[in-house]
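Q: Dropping a structure here in structure tokens format, bear with me for questions.
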Amino acid sequence: MTEATPTPPVGGRIVQRLSKAVDHRRHRLDRWLFAAPLCWWTIRPWMLTSSGHRLATRLRLQEAEHQFGRLLHLRSIFEDIAKHRLPGDFVEFGTYQGFSLAWLHLFRTSVGLGSRRLIGVDSFKGLPTSSTVWHQGQFSDSSVSTVCANLLRYHHLRDLSAVNLHLIEGLFEAPEVRAQLTALTSNIVLAHLDCDLGSSCDAALDLLDRATLAPTAYLAFDDWGCHVDEIPASFERYQARHPELSFEVQATTTYTRYFRCTRIR
Ligand SMILES: C[S@@+](CC[C@H](N)C(=O)[O-])C[C@H]1O[C@@H](n2cnc3c(N)ncnc32)[C@H](O)[C@@H]1O
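Take 0 as the starting number for the sequence shown in numbering that gives the first Met the number 0 and just add one per residue.
What follows is the structure, given as structure tokens:
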């Protein structure tokens, strides 16, 4: 015989309803504030404070926590790279419309590393396959010219030719992408992996080997917390393939995990 679920007292039911309503409002506020890509572009450098991030965490505004958290942590990685004079270039796998790329550009210039290469890699055709929460073709509303236009607008630049920015169009898996990447750099000090899918993350990580990765480098995984079978599983496969690398967690948020990676043999 199954036991009937006891009905909470009237006071309890009111509290339950109130907390449901608050959760609903919080979710709507979060979406309204940050989920629309247009709103992300309203984030300015002066807004990046740890108290802002703490507030978003306390209020459980998940999208705001993600955006502030990842930008704050990326900024401190750039500060570390500058402080320890770690050589190398910056690469992003999964550029979409250039939002995080614009921040990578800002951070590299703000720590005095503007002369280092910044490379964005994307098919600009959206996700190549569907898996877990992701669907094929998602994020297809972009192109090389969209990214350039966004960067020019966001940074009030006249042209991008002077800023050592390179965009590679194609699938990470494609041999032409490997060829273009290796022609541009043999020393990647930061790889920002923002490509959602485990299979895409595998392909991006395949491009990071002894020939391309700096002896000390940062691997910054966005989407880490979205689904365990995607990015964390891909990282574990990479770790198993590379016993010569040691990894130390540098920073983490609900969705992201950033590692410092050192060649030990
Ligand atoms: C979530 S979006 C990137 C968001 C961007 N970094 C930002 O902050 O706005 C993921 C991107 O990864 C790209 N992508 C995913 N898998 C890929 C693959 N195997 N090869 C090339 N691009 C891929 C998609 O085209 C998409 O633009």
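Cβ coordinates follow ideal geometry from the N, Cα and C atoms, glycine included.
Under three-state DSSP, which class holds residue 37?
A: Confidence is the limiting factor: at residue 37 the pLDDT is only 49, short of 50, which leaves the residue's position unreliable, though a coordinate-based value still follows. Helix, per DSSP.
Q: Rounded to whole angstroms, how far is the Cβ of residue 212 from the Cβ of residue 164, which I believe are closer than 8 angstroms?
A: Wrong, their Cβ atoms sit about 21 angstroms apart, outside the cutoff.
Q: When we look at the beta-carbon of residue 55 and count the other beta-carbons within 10 Å, is it buried (16 or more) or exposed?
A: The residue is buried, with at least 16 neighbouring Cβ atoms inside 10 Å.
Q: Could you give the DSSP three-state label for residue 260: helix, strand or coil?
A: strand
Q: Taking all protein chains shown into account, decide if residue 17 is buried (16 or more other Cβ within 10 angstroms of its Cβ) or exposed.
A: Here residue 17 is exposed: its Cβ has fewer than 16 other Cβ atoms, across all protein chains shown, within 10 Å.
Q: Among 153, 242 and 260, which has the Cα closest to the Cα of residue 41?
A: 153
Q: Any chance the CB of residue 257 is under 8 angstroms from a heavy atom of ligand 2?
A: Absence of ligand 2 is noted for the structure shown, with ligand 1 being the only ligands found.
Q: On the three-state DSSP scale, how would you describe residue 130?
A: strand
Q: Between residue 111 and residue 94, which are expected to be in contact by the criterion C-beta below 8 angstroms, what is the C-beta distance as a whole number of angstroms?
A: Wrong, their Cβ atoms sit about 24 angstroms apart, outside the cutoff.
Q: Identify whether residue 283 lies in helix, strand or coil by the three-state DSSP scheme.
A: Lying before the first or after the last residue shown, residue 283 is absent from the chain, which here runs from 0 to 264.
Q: Quick one: residues in its chain with C-beta nearer than 8 angstroms to the C-beta of residue 135, no 5 flanking neighbours on either side, listed in chain order?
A: Cβ neighbours of residue 135 within its own chain (closer than 8 angstroms, five residues either side excluded): 125, 126, 127, 128 and 129.
Q: Please go through the same chain and pick out, in chain order, the residues whose beta-carbon is closer than 6 angstroms to the beta-carbon of residue 191, but skip the five residues on each side of it.
A: Residues 91 and 219 of the same chain have their beta carbon placed closer than 6 angstroms to that of residue 191, with the five preceding and five following residues left out of the count.
Q: Classify residue 83: buried if its beta carbon has 16 or more other beta carbons within 10 angstroms, exposed otherwise.
A: exposed
Q: Just checking my contact of residue 150 with residue 159 at CB under 8 angstroms: how many whole Å lie between their CB atoms?
A: The pair is a contact, with the Cβ atoms about 6 angstroms apart (cut-off 8 angstroms).
Q: Please identify the residue among 97, 201 and 62 whose C-alpha is closest to the C-alpha of residue 143.
A: That would be 97, whose Cα lies nearest to the Cα of residue 143.
Q: Looking at ligand 1, does it come within less than 8 angstroms of residue 194, judged from the CB to the closest heavy atom?
A: yes
Q: In whole angstroms, what separates the C-alpha of residue 156 from that of residue 14?
A: Rounded to whole angstroms, the gap between the alpha carbons of residue 156 and residue 14 is 52 angstroms.
Q: Taking Cβ positions only, does residue 201 come closer than 9 angstroms to chain C?
A: The structure shown has no chain C; it contains just one protein chain.
Q: Pick out whichever of 133, 122 and 230 has its Cα sitting closest to the Cα of residue 141.
A: 122
Q: Who are the near neighbours of residue 203 in its chain, counting only those whose CB is closer than 7 angstroms to its CB and skipping five residues on each side?
A: 92, 171, 192 and 194
Q: Please tell me whether, using a cut-off of 8 angstroms, the distance from the CB of residue 158 to the nearest non-hydrogen atom of ligand 1 is below it.
A: no
Q: Threshold first: 4 residues or longer. Then list the alpha helix (DSSP H) segments lying entirely within the segment 197–239, N to C.
A: Fully enclosed alpha helix (DSSP H) runs of 4 or longer: 197–205.
Q: Taking DSSP as the reference, what is the three-state secondary structure of residue 9?
A: Reduced to three states, the DSSP call for residue 9 is helix.
Q: Is it buried or exposed, residue 208, if we count other Cβ atoms within 10 angstroms and call 16 or more buried?
A: exposed
Q: I believe residue 85 touches residue 188 by the beta-carbon criterion, under 8 angstroms. Please report the beta-carbon distance rounded to the nearest angstrom.
A: 5 angstroms
Q: According to DSSP, which residues form a beta bridge with residue 165?
A: 118
Q: Where do the ends of the alpha helix (DSSP H) carrying residue 270 lie?
A: Residue 270 is absent from the model: the chain starts at 0 and stops at 264.
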